[in-house]
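So the structure is just underneath, and the comments pick up after that.
In the working numbering, the protein residues as written are 1 to 496.
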């Protein structure tokens with residue numbers, strides 16, 4: 001591994017393509033989750049589905065928006081065993097097929113029942129691709145760029161959210177049903193590309209080894225990690241490390257009960273829950289699905305479709321750029337530092353948003369609405385830079401191979417469960433308390449910052465197998481991981 005790496009050799013380029021196909025699954029998730037916040041403000045959509053509106057029944061709106069998460073929650077029951085048995089690639093292909101079927105069901109008949117069923121199916125399919133894809137990226141990536149690849153994966157959420165915002169904005173003044181039907185149909189495009197790509201990209205070498213297909217895994221490492229050089233030591237190093245880890249963890253965990261079998265696993269599941277909770281309750285939903293409720297405090301008419309969709313486009317583009325900037329730092333910045341910085345930044349921004357929304361509400365002076373708008377954009381930058389790259393990467397890294405597929409399915413269960421609950425909390429809380437409710441997120445973000453520092457081990461600079469070892473360290477995983485990071489920083493200086 002000490003030899004100079006050619007980052008554009010044939011093997012690496014093929015890996016980049018494989019990671020890109022997996023990356024599109026994150027874009028699918030971003031597109032699906034962002035789309036409906038724009039669709040529900042369109043006049044043609046309201047004309048057909050008037051029940052789905054902030055001005056109608058907030059509980060029904062919460063139910064409808066939450067159907068995506070509900071479908072994902074149900075899907076998590078099946079995705080872990082399927083990903084372990086059939087492999088990462090075929091699981092992505094299955095999920096993409098389900099998403100395409102759900103998208104077609106949404107638009108073909110103009111029925112509230114089929115619209116809801118289609119949205120549920122998309123959520124069911126999304127959990128298959130968002131469980132298998134980040135696991136696939138981390139398992140196939142070369143150690144030299146694993147951190148960046150894993151971090152870039154989740155920024156695909158923003159890449160998907162931008163087309164959702166731009167396409168709906170392009171139809172802002174369209175008075176026919178195509179204004180909402182075309183954006184819904186585009187859901188099929190990302191999934192169609194992934195489905196075709198799954199016939200080309202290789203299977204995860206770690207999944208192959210878990211099935212006893214060691215020679216196939218060796219050929220993968222030779223072709224993609226060593227650029228055809230069968231003597232490269234990285235081949236045997238990775239195979240040996242995986243086999244040693246497999247001896248210690250002989251049985252693959254296929255049930256959620258198995259994820260709580262040891263104290264180490266229970267600690268890891270606690271970390272998964274905290275990541276899910278803190279990243280979903282940071283305040284990001286305020287400028288998402290429920291943007292219509294906050295616009296009046298920014299001096300914007302919530303019934304002005306053009307202004308609403310323009311606001312959404314600006315927010316998504318800024319978030320995307322910040323997400324890629326954060327992903328570029330994934331291999332150079334400590335995970336705990338980024339997580340803590342994300343919590344502190346979102347706390348400050350939500351506090352500012354709460355304050356200036358309140359001032360605008362009292363004075364109706366446009367300047368306070370503009371300042372509140374700037375705090376939303378600052379929130380988007382901080383959240384996307386610090387949180388977006390690590391949401392999937394950190395979770396994949398802390399899980400050992402035998403728990404990775406089922407653990408990531410469980411993580412998706414947690415994310416979608418807490419997000420589903422938030423639909424009701426935010427919808428009703430914002431209706432009753434208005435801008436005052438945003439203070440709830442300030443408290444959550446402060447608690448998150450303290451929790452990251454005390455309980456989250458550092459994973460930067462370690463192989464997947466080495467990360468597993470820190471949870472077994474008698475000093476405790478957090479002190480052990482920090483000590484490792486310090487040594488990692490000191491080594492180059494010592495050589496000088």
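Backbone N, C-alpha and C fix where the C-beta goes; we use that ideal spot for every residue, glycine too.
Assuming residue i contacts residue j (C-beta within less than 8 Å), just tell me the rounded distance between them.
| i | j | result |
| --- | --- | --- |
| residue 168 | residue 26 | At roughly 20 Å, the Cβ-Cβ gap does not stay under 8 Å, so residue 168 and residue 26 are not in contact. |
| residue 445 | residue 346 | 5 Å |
| residue 205 | residue 408 | Contact doesn't hold; Cβ gap of about 18 Å is too wide. |
| residue 64 | residue 116 | 7 Å |
| residue 497 | residue 379 | Residue 497 lies beyond the stretch modelled for the chain, which goes from 1 to 496, so this question has no answer here. |
| residue 89 | residue 198 | 5 Å |
| residue 150 | residue 396 | 6 Å |
| residue 112 | residue 51 | 7 Å |
| residue 391 | residue 275 | 7 Å |
| residue 252 | residue 210 | 6 Å |
For residue i, count the other beta carbons within 10 Å of its own beta carbon; 16 or more makes it buried, fewer makes it exposed. Which is it?
| i | result |
| --- | --- |
| residue 159 | buried |
| residue 332 | exposed |
| residue 458 | buried |
| residue 435 | buried |
| residue 29 | buried |
| residue 10 | exposed |
| residue 365 | exposed |
| residue 442 | buried |
| residue 255 | exposed |
| residue 49 | buried |
| residue 266 | exposed |
| residue 212 | exposed |
| residue 84 | buried |
| residue 496 | With a pLDDT of 33 at residue 496, under the threshold of 50, the modelled position of that residue is not reliable, and the figure given next carries that caveat. Looking at its Cβ environment, which holds fewer than 16 other Cβ atoms inside 10 Å, residue 496 is exposed. |
| residue 228 | exposed |
| residue 203 | buried |
| residue 17 | exposed |
| residue 402 | buried |
| residue 47 | exposed |
| residue 8 | exposed |
| residue 220 | buried |
| residue 261 | exposed |
| residue 305 | buried |
Spatial neighbours of residue i within its chain, please: C-beta separation below 7 Å, excluding the five flanking residues on both sides.
| i | result |
| --- | --- |
| residue 285 | 422 and 426 |
| residue 101 | 121 |
| residue 342 | 382, 383, 386 and 387 |
| residue 350 | 283, 379, 438, 441, 442 and 445 |
| residue 230 | 222 |
| residue 377 | 315 and 318 |
| residue 264 | 471 and 472 |
For a quick check, are the C-beta atoms of residue i and residue j less than 9 Å apart?
| i | j | result |
| --- | --- | --- |
| residue 59 | residue 389 | no |
| residue 127 | residue 412 | yes |
| residue 185 | residue 42 | no |
| residue 71 | residue 123 | yes |
| residue 73 | residue 416 | yes |
| residue 226 | residue 232 | yes |
| residue 313 | residue 189 | no |
| residue 449 | residue 340 | yes |
| residue 414 | residue 273 | yes |
| residue 15 | residue 224 | yes |
| residue 192 | residue 34 | no |
| residue 125 | residue 99 | yes |
| residue 352 | residue 372 | yes |
Can you tell me which of the options puts its alpha carbon nearest to the alpha carbon of residue i?
| i | options | result |
| --- | --- | --- |
| residue 13 | 381, 140 and 122 | 140 |
| residue 24 | 51, 72, 83 and 163 | 163 |
| residue 62 | 397, 275, 419 and 320 | 419 |
| residue 452 | 240, 36, 278 and 118 | 278 |
| residue 195 | 281, 242, 218 and 94 | 94 |
| residue 144 | 238, 216 and 321 | 238 |
| residue 91 | 22, 82 and 342 | 82 |
| residue 400 | 327, 258 and 360 | 258 |
| residue 176 | 216, 18 and 39 | 39 |
| residue 87 | 31, 132, 220 and 260 | 132 |
| residue 19 | 271, 152, 264 and 398 | 152 |
| residue 200 | 35, 104 and 21 | 21 |
| residue 471 | 118, 428, 447 and 398 | 398 |
| residue 469 | 31, 244 and 406 | 244 |
| residue 31 | 187, 270 and 372 | 187 |
Spatial neighbours of residue i within its chain, please: C-beta separation below 6 Å, excluding the five flanking residues on both sides.
| i | result |
| --- | --- |
| residue 456 | 336 |
| residue 181 | 107 |
| residue 369 | 298, 299 and 360 |
| residue 142 | 225 |
For residue i, which residues of its own chain have a beta-carbon under 8 Å away from its beta-carbon, when the five flanking residues on both sides are left out?
| i | result |
| --- | --- |
| residue 320 | 155, 158, 159, 161, 162 and 384 |
| residue 114 | 105, 106 and 108 |
| residue 183 | 35, 38, 39, 164, 167, 168 and 171 |
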